[in-house]
Every structure is written in structure tokens, then in C-alpha cells.
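**Q** In terms of numbering that gives the first Met the number 0, the sequence shown is residues 0 to 881.
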Amino acid sequence: MHAESYLNVPEKSGIRGDAIVTILTGTVRGHVTTARSVRKLRKNLDFLLYLILFLHSLVHAGSPSYDPPTPDPPEVDPVPIRPRFDWRLRAISREKAKPDKKRKHKRRIAPQQTVLQEHEPYYHTVHRYSEHFNGLLDAEIAAEEAVLHQRLSTWSTERLSEEGYCLTDMTAFWLEEKHFGRRTATFTRGPGVQLPENRFESGTQVLVSRIDPLKDEPAKGSLISRTPLQLKVSFPDQVEFDSVELDGAWRLDLGHSSLVHNRMREAISHLHRNVRSQEAVMATDREEILNGTHLRDVVLRGKDQGDMDENVETSGVFRDNQLIYSWAKRYMRPNPVVVEGDPVIDGLNATQVRAMAQMIGERFSLVQGPPGTGKTKTIIETIKLLKVHFETPQPILVCTYTNVAVDNLVEGFVAAGVKPIRVAFGGKTRASLEPYTYEYKMQNHPLYPQAEQVSETIKQLEGEVKDTSIRAKELAKKVNDGRTGLAQRLDGMLTAIAKREDRIQAKKAHWYAMTQQMTKDVLGEADVICTTCLTAASRVLEATDFPVVFLDEASMSTEPASLVPLMKGSRHVALIGDHKQLPPVIVSQIAKSNQLDRSLFERLIVEGIVPSIMLDIQYRMHPAISAFPSLEFYGTSLLDGTVDSGGNILSRLAPPNSQHLTKDGNGDRPSVVFLDHAGEESSKDRSRVNWNEAHIVASVVEDLLLTNPELTGDDIGIIAPYAAQISLLTRLFNVNARYRQRFEVVLGEHRAMQIRDIEIKTVDGFEGREKEIIIFSTVRNNAGGHIGFLADRGRLNVGLTRAKRGLFIVGSISTLRMGRSVETAKEETGAVAWRNFAQYLVKEGRVSRIGGMKLQQAIYGHLRAARRDPPLLDSGVVETRI
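1. What does the alpha-carbon distance come out to for the pair I585 and E139?
2. Quick check: what's the CA-CA separation for T814 versus E843?
3. Tell me, please, whether the region 177 to 188 touches the region 214 to 231 by the rule of three or more beta-carbon pairs shorter than 8 Å.
4. Grab the span of the alpha helix (DSSP H) containing S611 for me, first residue to last.
5. What's the gap between the Cα of G793 and the Cα of Q580?
6. Who are the Cβ neighbours of S726 in its own chain at under 6 Å, not counting the five residues just before and after it?
7. Are there 16 or more other CB atoms within 10 angstroms of the CB of D756, so buried, or fewer, so exposed?
8. Quick one: is M852 buried, meaning 16 or more other Cβ sit within 10 Å of its Cβ, or exposed?
9. Is the beta carbon of S889 less than 7 Å from the beta carbon of G805?
10. Please state whether DSSP places F186 in a helix, a strand or coil.
11. To the nearest angstrom, report how far apart S776 and I695 are at their CA atoms.
12. Who are the Cβ neighbours of T883 in its own chain at under 6 Å, not counting the five residues just before and after it?
13. Quick one: grab the DSSP three-state call for A171.
14. Tell me whether P419 sits in a helix, a strand or coil according to DSSP, three-state version.
15. With distances taken Cα to Cα, identify the nearest neighbour of F807 among G784, A626, P610 and P655.
16. Assign P235 to one of two classes, buried (16 or more other C-beta atoms within 10 Å of its C-beta) or exposed (fewer than that).
17. By the DSSP assignment, the beta strand (DSSP E) with S686 in it spans what residues?
18. If you measure between the beta carbons of S847 and V699, is that distance less than 7 Å?
19. Is T401 helix, strand or coil by DSSP?
20. For Q204, which residues does DSSP report across the bridge?
21. Using the C-alpha atoms, what's the distance from S92 back to E286?
22. Between the Cα of K770 and the Cα atoms of L245, E758 and V114, which residue gives the shortest distance?
23. Could you say if the region 316 to 336 and the region 106 to 118 meet the contact criterion of at least three C-beta pairs nearer than 8 Å?
24. Where do the ends of the beta strand (DSSP E) carrying F673 lie?
25. For L151, tell me which candidate among A141, G371 and C165 has the shortest Cα-Cα distance.
26. Just checking: is the beta-carbon of L728 within a distance shorter than 7 Å of some beta-carbon in chain C?
27. Could you round the C-beta distance between I773 and G712 to whole angstroms and report it? I think they count as a contact, below 8 Å.
28. Measuring CB atoms only, is the region 533 to 546 touching the region 471 to 478, in the sense that at least three cross pairs come out at less than 8 Å?
29. Alpha carbon to alpha carbon, how far is F363 from P610?
30. By how many angstroms is the C-alpha of V809 removed from the C-alpha of L862?
31. Between the region 511 to 525 and the region 557 to 571, are three or more C-beta pairs nearer than 8 Å?
32. Roughly how many angstroms separate the alpha carbons of V841 and I717, rounded to a whole number?
33. Kindly list the residues whose CB is nearer than 7 Å to the CB of Q449, restricted to its own chain and excluding five residues on each side of it in sequence; keep chain order.
34. Would the beta-carbon of S592 be found less than 6 Å away from any heavy atom of the ligand ATP?
35. Please list, in chain order, all residues of the same chain as N796 whose beta carbon is under 7 Å from its beta carbon, the five residues on each side excluded.
36. Is it the case that the region 658 to 665 contacts the region 643 to 650, given that we only count it when at least three CB pairs across the two stretches are under 8 Å?
Here it is as C-alpha cells:
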């Protein structure tokens, strides 16, 4: 906003606004060379302008010659006299730290519950949109509940435990400290006893019962942290369970939470809200919490063209700061206009810089980041530019789909000199990032000791009320029995209870005010707030608004989930993702068929209305690994940044030594190989498993660790599409005594211990990850060529693009060349991709047939060499069970 906009000077006053601006700015024109001097000038200018207006109002107050103009009728969406966010100011986070300085904050109040009326634009579109997605969320909840109930009612306790869905014989004790006001219990198998392999992850719902959650009434808690020895579970206010003594054995079952869907529903409902009217409430001491978005037209544009305004301003919030906006407009061009004084951006290619400029210059933008193209680095550098160089005010909200991705961003921000706050309630945060968490910052706030003292006083008073209430109940029984002289004493006790309860309420109000002050300080002093999409709806984040939002992994999030971080007053948003990789995970077939598994990112990029750009240079993979993904998924537009100026492949990507990677005539070893075998698949618990393939995978790992001293277990990842195969491989590497003994014989005890560091996950578990070596167990091996769940283009893309130096695919080339899957059109496109890949491997000579003596040598060769006697596995025949 320019200075002239502040000068709402009546024409009859005799004072010309443009004259004032000319006088005040003319003396310094030509001398402003830095962003800081511009900010200082603007700050002084604002003060002088307001002073002039104040004096002007005093001169004309009560004057008969002053005839105020007739006010214009109010607009449908009233705009505040002065906007809530001034993008010319300097960020608080960039000011020199003053620990004792107490900042003044406006009191945050709930917004008025005004909703769209039938005569207003978007009413019918929002109504249809809400009905559509709420119906799909209902279907998804029903499907999740059915899966949970089916599992609990048909599986035995032994099977639930074996598959990691259940932990039995757990002991527990209450912790002294609460977790954000919730009581927390620790569950263990006993001192020093390690928990078995399980699926319990931080943030998941836990059903706690004595024997059976379907027969008992289970307590529902949230897993807030886990170690190999214990789980910590927090519980909401549940009087029945809170008063239970935790002695005895407990059973924990993996549940599902409705909180996720409730937050999505709430976000959808906020599309009815008018954010402009919320911002228009002007007061010196309070402001409304913003519920909704200024970008409703973008979200709904593809749903109904009738409500759309073709003249909507596409530039974002930074247009009010000409220094920033000028840079963005210039660098959005393929050949940017460079001006002296522009920030130097090192380590990014031209496309990444253009993506930065687009995210800054456009009110809504999409950045597609194929594997290895540095989308995380691009996000970090964009926010560093805004916060460290331009020092823009107001914290930026950065969300991702997974906690792992949030942690990666936080690490990157710290390294770049950006000040992040990590918000993760019930989520998993790396120990190394603790100093950047919201909890840590709150505990180190100057007011924290006082808040803790107030909290202890509340606990003490509540204890006194509880004790007095017990005694009062006993006394009341005696009074009812007709015993005289006790009524007055009872009355005194009841009066004491009432007084203490009044004190408790007063103390709670005091504690709440203090924690709100602390939260506003903590968030206000950050450059960027990092959390997951769904945690963005946390009450803690209501302490501030987020007009600028960056959403990473946007293609993995359902459309309703993507709305959650946008409904906090957003007016400038960038979505970063890749719809060619993993889609959102959906259980309900009804929801899938109605495209709940299509992200907002994918819908907008397909519609082609929102500005978008694709990062086109990958820096992760050996060119031979990236060749097919570039061809199949990106139309050869994904280029390799892993070669030097002379066209030579970088030495760090040299393929590993392996008996399966045979050198060619030039002495070069390939980085991709398909190990083709004849071991058939089998069914297990509605999943698929391939025992022979598991043995081959184990032999590949053994061979790699034996012949590549520089490789560690942490450098190797194993991917399989089926949970049963993951379970089998995990037991084989981490539990099976015969294989443990074998690895020690072949590799030596120290080297064999590194086997534990190998990550074994589904394709989904490796999204956003990379390893030096990837071994992909495809599992499917049948005469009919049926590949079922494997037929997913996005999962194939992810599975093939995690490796840097070496990619080993294990499976049946004939099965994949037939590639049959006819359940849905989407799965058919996945089957086509697998057929194309199989044909590509054959054409490139990358298929190695493993059978007969070659199979025996692959599996037992190193063991024979190490022992010089018959192999550990009897009879020389590949086992089919472990």
C-alpha cells in the first residue's frame, strides 16, 4: 500500500495529499539504496502522515465551514481502513533479541459466525463442494471402521501381535507431567525388555483395554512418543479411565482417529466464511481469528465458472513491497533482468530460481518437483530470501503431509539461517531438532516459571477440592441420618469448596492469559512455522494468522486435507509436489471412484489455470537409473544434473561391486539390473508374499556388504509393495537366528550388525527418501501375468527413483511383461507402465536370469567360500519357509 492511501483528506480541507507526499519524500529521493533505509523512511513517513491527519482533525473539529463528505454505502465485503498485514514492515524475528522485552499483543477472539447467503457469489458452488467431499469423507470413515472391526473380530490375538497391530502383557504407570493438559501414561513390557516389532507410530490412535477392545470399553489415547522399550500415550479428559489404577496387564491395539476427518470437515466449512469481514473488525485491543481464505475463487474455479471474476488480481501479498515484487517479476522470466543489488542465490539452477520467483510473485502457484530435483532446497531458499534478505513480517506457515518431511525442512531452515518453530502434537520429531520445537521454546520463555507456578497452584487447589468433597460427602450422610450439630459444619465445607473453585477458575484464566502471551511471543519471533497439514488446525496456531502458506508434498494430501492450512486467512499460497508420484492413500472404493485420492495439487495442475512450473534437472540418480522414469513419466523433460560439463557421470554415482552387475566391453558396470527368477508368489492374509524372492534379496544384500567396504547398512533400502513381504523380509533380517548366524559367518560379527540399519519399507514409506542402493522386491510371479496392487504408476515411479548408485529389481520379467490388471482404468495405466518398463529392461539388456546353478551360486556362494563346507540351509535347495 502506498503512502497516498493513508491520506484520506477531504477536498474542502485545503490540504492536498499528493503535496504532503511530495514534501515528505522529496528530501530523501535519490538517496535510498538499501532495503533497510527504505523501511526506516517508510516508518518515519507513516508517523508523520498520521501526525498531520491528527492535527488536521483538531483544526476542523466543530468548525462550521467543515462539511464532511457523504459516506459511500458499505461494500458487501468491507475492507479495513488499514490492512491487518503491512508487508513493508520489518519482521520481529529479524530484530535483535531482547529477552526481557514484553511485547503487546491484541487479544484474539473467535470470529463472527457469518456464512455465505444464497444471494452471494460462491454460495451454490460451496454448497455443492461441501456435500461432495463430506460424503466422500463419510465413506472413508466407514471403510476405515470396517477394516478395524474386521481385523479385531476375525484375527486372533497371536496374529494381531505377529503383524504388529497389537501389544499384550503391557504394564503402565502415570507420568507426573501432562502433555498439553492431557494425562500421559507409559506402557512397557518391563524394565529393560524390548518391545516386539510393531506398527505403532507417533500420532496414531491407541485402544487400551484389559483383554479385548471389542468386549471391554477401551480407552482411546494418542501415541506421543516411542522407543524400543516403551510407548507414551496421552489421553483426553476421560474421568473413568483417569481414575483407574494402572496395576496389572494391559492390551494396546492400533486404532483409527476421527480427529483427522473432523479437521477436514471444519476446513471445508470455512469456505463459507468471509475473511474480509473478519479482517475488517478494527479495534485497538482485539482482533478476530481468521477462519477461511482469500483464495476461495482459486479453489473453486474448476468447480463452477459462473461465480468467477475474470479480473481477479493474480499477484500476491508482496506486490505491496516493490523491492520484493520487482525481483519476483524480473526473475519469473526465462532470461531475468538482473539489477545491481539483487540478492545472490547460490546453488540453484535457472528453473529453480524461476520457481522461487513464481512462488513469491503469484498469489497462488504450483511447483512440480520430480524425484531428485531439489524441491525442498527450492522451498528453503525461497523462504530464506523472504525472511533473511527482505525481512518480511508475519511468520510463514510451511506444511507437509508427513512428519519426516517436516523434520527435513526444519533441518534445512536451520542450516540456511532461517528461524523455524516445529509444531508437532503427538507427532514424531527428531531428538536433534528439540531446540526448535514449540514445547522447547515455551519452556525457555521468561514467563514459563510463573506459568508453572500457577499450574501447580491449580493442582493444589483441585486436590484440596477433591479431598474436601470426599469429606463433605461423608458428612452429608451423617446429616441425612439425623445426627445433630453437623449441618453448619457441612455448610462451611461447601462454602470452602465454592471459594476454592472460584479461585481455580481465576487461576486458570490467569494461566491461559500467560500461555497465550507466551505462545504469541514464541510464534511471533519465528520466521517460519513448520508442521503437518492436519496439525495446522491445532489450537496453538490460533495465536496468529497465516496469510502466506507453503504446502510441500501437496500431491500426497487429499483435497480436504490440503484445505486445512489454507483456512487460517491465507491470501498467498504455493503448492509443491509431484502428481506423477504417490497419490493420497484412500481405503474406500467409493471414495476412490469419486476421486478423493486426487489431490488439490493434481486437480489444479490438470485444470491448467493456476501458474505452474516443473523443476527439470535431477541431482540424485545415475543417468541410467533416471532414464526410464524420465521417458515414461515426464516425457524426457527430466534432465540429468549428475554429469559434468564433459558429459562424464559424477564419480560418487559409480555403480557398486556386485556379482549381478557384469562389466561391459568398455569395463563399465551397469547401475540397473533385473534379477529374473521362477519362484512363485503365495497369498497370505489378503496380501502377497514370495519366499524365494526374499532369499534372493538377502543374498544381494550379503553380496553388497561383502564386496563394497564403503557401504553400510544405512546406505541400503529394500522396497516391496506388499505388507506380507515387508513382514517376511523384516523377520529374515532382524529376527531369524539362522540368517543372523549366516551373516556373521560371511560378513563377520561387526559387519553383520549393520544389517539392522537396512530400511525395509513399502513404496509409500520411501516417498521423499533416497539411498545409495535400492533393492525392489516386486513379489508377483504367476503364469497369468496378474500384478494387482503393483499396477500403480505413481508407486512404480517412486520405487525406481529412490536409488543413487544401484537399482536391483527382483521378480518375474514374464509376469510383468504381461502386466494384467483390469479393476480400474487407473490401475490399467499402471499395468501399462510396468509392461513398458519390462520391455525397456529387455531392450537395454538389463535382465539377468537366475535359476539352477546360478541361483545356487547367488544364494550360497559366499557362504560356501566362508565355511568351506556345506551351506547352512540344508540340502542345497532354496527353502520356501523361514
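All residues carry an ideal CB built from backbone N, CA and C; glycine is no exception. These numbers come from a predicted model, not from an experiment.
**A** By the coordinates alone:
1. 7 Å
2. 18 Å
3. yes
4. Here S611 belongs to no alpha helix (DSSP H); instead the beta strand (DSSP E) covers S611 to M613.
5. 4 Å
6. none
7. exposed
8. exposed
9. Nothing in the structure corresponds to residue 889, since the chain is present only between 0 and 881.
10. strand
11. 9 Å
12. Shown here, the chain extends from 0 to 881; a query on residue 883 therefore has no answer.
13. strand
14. strand
15. P655
16. exposed
17. S686 to V688
18. no
19. coil
20. S221
21. 21 Å
22. E758
23. no
24. V671 to D675
25. C165
26. Considering every chain present, this structure includes no chain C. It has just one protein chain.
27. Between G712 and I773 the Cβ distance is about 14 Å, and since that is not below 8 Å, they are no contact.
28. no
29. 7 Å
30. 21 Å
31. no
32. 23 Å
33. M513
34. The ligand ATP is not part of the structure shown, which contains no ligands of any sort.
35. K579, Q580, P628 and F632
36. no
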